[in-house]
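Q:
Residue numbers (this note's numbering): 1 to 490.
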């Protein structure tokens, strides 16, 4: 087969993962071409910090050295012709004059190509704001649109040149990877997307959209059913136990700063329901792929829960704001940390309350789609699920549509509730989240964002930056970068 790997994201481990995939295909007898399409773009989601550029650091250095390593493995390297592939004046004017709303951005097309949704997804994630305002950030929005369309044209050129059997790229959601997906779809090419696996030791290749929860749910069940391993149940249990202990597994731990065992006392004579909020920008960024469902808005959910508790009279409501909110935009932080709900207790994102102790203290759990909802069921709590999740549309959770549904569910006699059956239904998800993916062979990861590819570090850092790090100035650098609001990238 002819394989064309097109990339625009140089972040570790994603660049190295594309190399891992290229080598794997080549060793299996396939004709592989790898191409970097992220050169000279007016804007990109991930870039090296400006301060490091002033000391001579260059992202190009990392890309060039990576390509040289691929050549040693007989991987062909190509690049779309920069001189011949340009945006025509009419299209450029259209891109560079955009001044609409977020919804306008999501619907934006250029010459019939719907690049707007990918750009919106990127900018929502970049700013950590589900209500990202393109008018306020007009300049960066226009630059992102131009970058996306440039990558689309470059990808289209190489796809038409090589006519591959498969096109492979990273993730497929963001502005520039989404453009690659659109170019492949124009010619009905099979598109594969790569991402992190269940831990930093693994990667995964997906043949459908990785943000489609129905697709992930099918993969979970298939992974469970195809496994001949006698330890799949043990691994399923292990996922939930390790998460409770503070192991992030596939990502950074969200409970490392919490005070073990600390939670608010229960109100005497009342049952407790805890609402664990979800990261709104993450849902907003994939809204075109996964519907947010009948409830649509978390604040509406919370106020409806409060009304249900007031109606019943014997319930207290606690709102646990997702720890990730502390890393989001100021608007998101203000929205959640200043939320006022009568007769409810708000636990802010930076509060040290132990989320698992809080979970243990309650009688019911509610969430919009966070993984802790699944964990709650595993640990024996009835779950109200209000948004999309890989475990939705199953008996794992109750999915209410009205306040009457909520009230009736909260009246459930827990002595008749089959907790063990639901706990066992959680195990395929635990097994998948702990074990899915392929172990790296050519990339040796040390952490989520550090590792060596074919025994090379592949750094973008200049000698000066490396020297500063050796002088133990690294912590100062990260504090300085955080103070300036610079993003982590490499």
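Think of the CB as a built atom: it goes at the ideal place given N, C-alpha and C, for glycine as much as any other residue.
These numbers come from a predicted model, not from an experiment.
Can you say whether residue 34 is buried or exposed, counting buried as having 16 or more other CB atoms within 10 angstroms of its CB?
A: Answer is buried; the Cβ neighbour count reaches 16.
Q: The beta strand (DSSP E) with residue 320 in it runs from where to where?
A: Note, residue 320: beta strand (DSSP E), 315-320.
Q: Under the rule that 16 or more other beta-carbon atoms within 10 Å means buried, what is residue 88, buried or exposed?
A: Result: exposed.
Q: Roughly how many whole angstroms lie between the Cα atoms of residue 183 and residue 21?
A: If I take the Cα positions, the gap works out to 20 Å.
Q: Give the secondary structure of residue 263 by DSSP, where H, G and I count as helix, E and B as strand, and everything else as coil.
A: Looking at residue 263 - three-state DSSP - the assignment turns out to be coil, as it is neither helix nor strand.
Q: Rounded to the nearest angstrom, how far is the Cβ of residue 164 from that of residue 170, given a contact under 8 Å?
A: So it is not a contact: roughly 17 Å between Cβ atoms.
Q: How should residue 15 be labelled, buried or exposed, when 16 other C-beta atoms within 10 angstroms of its C-beta is the threshold for buried?
A: With 16 or more Cβ atoms within 10 Å of its Cβ, residue 15 is classed as buried.
Q: In whole angstroms, give me the CA-to-CA distance for residue 484 and residue 146.
A: Low local confidence applies: a pLDDT of 49 at residue 484 is under 50, so the model's placement there is unreliable, with the coordinate-based value given in what follows. Each residue's Cα considered, the two are about 27 Å apart.
Q: For the beta strand (DSSP E) that contains residue 194, what are its first and last residues?
A: Per DSSP, residue 194 belongs to the beta strand (DSSP E) from 190-196.
Q: Going by the beta-carbon positions, is the gap between residue 116 and residue 107 smaller than 8 Å?
A: Yes, these two residues count as a Cβ contact at 8 Å.
Q: Consult DSSP for residue 412 and reduce its assignment to one of helix, strand or coil.
A: Residue 412: coil per DSSP, three-state reduction.
Q: If you count every other CB in all the chains shown that lies within 10 Å of the CB of residue 105, and 16 or more means buried, which is it?
A: Residue 105 comes out buried.
Q: How about residue 260 and residue 249: do their beta carbons lie closer than 8 Å?
A: Cβ atoms of residue 260 and residue 249: not closer than 8 Å.
Q: Considering only C-alpha positions, which residue in the set 460, 355 and 195 is nearest to residue 376?
A: Of the candidates 460, 355 and 195, the one whose C-alpha sits nearest the C-alpha of residue 376 is 355.
Q: Going along the chain, which residues of its own chain have a beta-carbon closer than 7 Å to the beta-carbon of residue 238, five neighbours each way excluded?
A: Excluding residues within five positions, the ones whose Cβ falls inside 7 Å are 434.
Q: Could you check where the alpha helix (DSSP H) with residue 72 kicks off and where it finishes?
A: 59-72 is the span of the alpha helix (DSSP H), which, as asked, contains residue 72.
Q: Check this for me: beta carbons of residue 80 and residue 37, under 8 Å apart or not?
A: Yes, the pair counts as a contact, with Cβ atoms nearer than the cut-off.
Q: Since residue 168 and residue 5 should fall inside the 8 Å C-beta cutoff, what is the C-beta to C-beta distance between them, to a whole number of angstroms?
A: Contact holds; Cβ gap of about 5 Å.
Q: Under three-state DSSP, which class holds residue 360?
A: Reduced to three states, the DSSP call for residue 360 is helix.
Q: Here's the rule: buried if 16 or more other CB atoms are within 10 angstroms of the residue's CB, otherwise exposed. What is residue 82?
A: That one is exposed.
Q: Taking the runs of the beta strand (DSSP E) that are 3 residues or longer, which of them lie wholly in the region 333-414?
A: The qualifying runs are 344-347, 364-367 and 383-385.
Q: Does the pairing of the region 409-422 with the region 205-214 give three or more beta-carbon distances under 8 Å?
A: Touching, no.
Q: Below 8 Å on the Cβ atoms is my guess for residue 385 versus residue 398; work out the distance and round it to an integer in Å.
A: That belief holds up - the Cβ atoms of residue 385 and residue 398 are roughly 7 Å apart, short of 8 Å.
Q: Using 8 Å for Cβ pairs, my map puts residue 450 next to residue 61. What's the rounded Cβ distance?
A: The pair is not a contact, with the Cβ atoms about 17 Å apart (cut-off 8 Å).
Q: In angstroms with no decimal places, state the Cα-to-Cα distance between residue 550 and residue 468.
A: Any property of residue 550 remains undetermined from this structure, which presents the chain solely from 1 to 490.
Q: What are the start and end residues of each continuous alpha helix (DSSP H) run of 4 or more residues lying completely inside the region 74-115, in chain order?
A: Counting whole runs of 4 or more residues, the region 74-115 contains the alpha helix (DSSP H) stretches 89-95 and 102-106.
Q: Verify whether the separation of the beta carbon atoms of residue 202 and residue 448 is less than 8 Å.
A: Cβ atoms of residue 202 and residue 448: not closer than 8 Å.
Q: Please tell me whether residue 151 and residue 8 are closer than 8 Å, where the distance is taken between their beta carbons.
A: Taking 8 Å as the Cβ cut-off, residue 151 and residue 8 qualify as a contacting pair.
Q: Identify, in the order they occur along the chain, each residue of the same chain with its Cβ nearer than 8 Å to the Cβ of residue 456, setting aside the five sequence neighbours on each side.
A: So the list reads 65 and 69, once near-sequence residues are dropped.
Q: For a quick check, are the C-beta atoms of residue 166 and residue 437 less than 8 Å apart?
A: It is not a contact, given that the beta carbons lie outside the stated cut-off.
Q: Judging by CA-CA distance, which residue of 353, 407, 279 and 32 is the nearest neighbour of residue 313?
A: Answer by Cα proximity: 407.
Q: Report all residues from its chain with a CB closer than 8 Å to the CB of residue 331; omit the five preceding and five following residues, and keep chain order.
A: Excluding residues within five positions, the ones whose Cβ falls inside 8 Å are 129 and 131.
Q: Excluding sequence positions up to five away, which residues of its chain have a Cβ less than 7 Å from the Cβ of residue 428?
A: Result list for residue 428: 220, 221, 224 and 236, in chain order.
Q: With 16 other CB atoms within 10 Å as the buried threshold, where does residue 466 fall?
A: Flag for residue 466 reads exposed.
Q: Label residue 306 either buried or exposed according to how many other C-beta atoms from any shown protein chain fall within 10 Å of its C-beta, with 16 as the threshold for buried.
A: Under this definition residue 306 is a buried residue.
Q: With C-beta atoms as the reference, is residue 247 less than 8 Å away from residue 158?
A: No. Outside cutoff.
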